[in-house]
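Below is one structure, written out as structure tokens, with a few remarks after it.
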Amino acid sequence: MKEKYRNIYKVLQEADALLIGASNGLSISEGYNIFADDLWFQENFGDFRRRYGIRSVLQGLFFQYPSEETKWAFFSRLISRKCYLEQPSPIMEDLYHLVGSKDYFIVTSNGEDHFVPAGFNRDKVFEIEGRLTQSRCQNGCKAAVYENRDEVLKMAGAEKGGQIPTELIPRCSCCGGPVTLNMADSNSFFQTEQFQKKMKDYQNFIKRYHGNKLVILEFGVGWRNRMIKEPFMHLAASEPESTYITFNKGEVYIPSEIAGRSIGVDGDIGEALKEIRLAGEII
9 MKEKYRNIYK
19 VLQEADALLI
29 GASNGLSISE
39 GYNIFADDLW
49 FQENFGDFRR
59 RYGIRSVLQG
69 LFFQYPSEET
79 KWAFFSRLIS
89 RKCYLEQPSP
99 IMEDLYHLVG
109 SKDYFIVTSN
119 GEDHFVPAGF
129 NRDKVFEIEG
139 RLTQSRCQNG
149 CKAAVYENRD
159 EVLKMAGAEK
169 GGQIPTELIP
179 RCSCCGGPVT
189 LNMADSNSFF
199 QTEQFQKKMK
209 DYQNFIKRYH
219 GNKLVILEFG
229 VGWRNRMIKE
239 PFMHLAASEP
249 ESTYITFNKG
259 EVYIPSEIAG
269 RSIGVDGDIG
279 EALKEIRLAG
289 EII
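According to my numbering, the sequence shown is numbered sequentially starting from 9.
Right, here's the structure in full:
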């Protein structure tokens, strides 16, 4: 395994650019599992668990709450604690260090916005299913998608007994209608100007490094994933100078047509990144 880590470090150093994909497995390695009724969820949302039977972050995001005051209490507590008040994890710090000065582009289905706080450039991160730190008009009017930091922290600070004050319920600045998180919960998300621009940036990055030493890094993406993994594998197959490196605990899948230019790491993502960084220090 040590030799594999040294090989990965060498490939990263020789790369012209890095295309990074991330899904739930990366978040889980940081201790954040949107599917789990785990200790983190119980410590932060025990009251919602007891009152409404909510057993995970994902269920909480789509739960039919009795009021907007209750819904935004859950949302603002989640976003403030996970996205705004939590420090970058050692995993993200190691990844940022390994990317170094290389050009990169990140495609992620994770919504907790954990790349930018670790130092990554906002313009180079494409949250393909949205992020919790943005909101948009639920009516789909022409109001722009906006950053919700001040709004969320104000709601979270004013929450009492699982509710926020009625006057703090977000409203669209354009039409006065209800506001929702900028997540892929409807077709309107994919039609936003921001999503279309990010998709074009993603495509332009691939065109820019066509025929070059592009390293495709994949963290915690399931083998059935069609938004990240499938396009990444097709890209690796069409770019003979590329290297495909996938990290996934218990589920490493590499198609035979790119096996000769691929590396699979089956194990804890955090430990792997730490070892790769250490390998670079030894070399």
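Glycine residues also receive a C-beta, built at the ideal position from the N, C-alpha and C atoms.
Member of the options whose CA lies at the smallest distance from the CA of residue i
i, options, result
"Gly169", "Ala81, Glu259, Ser37, Ile36", "Ala81"
"Asn256", "Ala30, Glu22, Lys18", "Ala30"
"Gln204", "Gly54, Glu135, Ile16", "Glu135"
"Arg269", "Cys180, Phe83, Gln142, Ala245", "Ala245"
"Lys90", "Ala280, Ile42, Glu11, Ile99", "Ile42"
Residue i, buried or exposed, once every other Cβ within 10 Å from all chains shown has been counted against 16
i, result
"Thr174", "exposed"
"Gly119", "buried"
"His122", "buried"
"Ser250", "buried"
"Arg58", "exposed"
"Ala152", "exposed"
Contact under 8 Å by Cβ, residue i with residue j
i, j, result
"Tyr92", "Leu161", "yes"
"Leu66", "Arg285", "no"
"Ile87", "Leu140", "yes"
Residues sharing a beta bridge with residue i, DSSP
i, result
"Tyr154", "Ser143"
"Pro74", "Answer by DSSP bridge pairing: none, since Pro74 is not bridged."
"Tyr111", "For clarity, residue 111 is Asp in the given sequence; the question names Tyr instead. Partner(s): Ala25."
"Tyr252", "Ile224, Ser270"
"Pro263", "Answer is none; Pro263 lacks a bridge partner."
C-beta neighbour in chain B for residue i, strict 8 Å
i, result
"Met235", "Protein chains in the displayed structure number just one, and chain B is not present."
Assigned secondary structure, residue i (DSSP; H/G/I helix, E/B strand, else coil)
i, result
"Ser117", "coil"
"Arg232", "coil"
"Glu4", "Limits of the chain in this structure are 9 at one end and 291 at the other, which puts residue 4 out of reach."
"Arg130", "helix"
"Lys7", "The structure shown does not extend to residue 7, since the chain spans only 9 to 291, so no value can be given for it."
"Leu93", "coil"
"Thr174", "helix"
"Asn190", "strand"
"Arg59", "helix"
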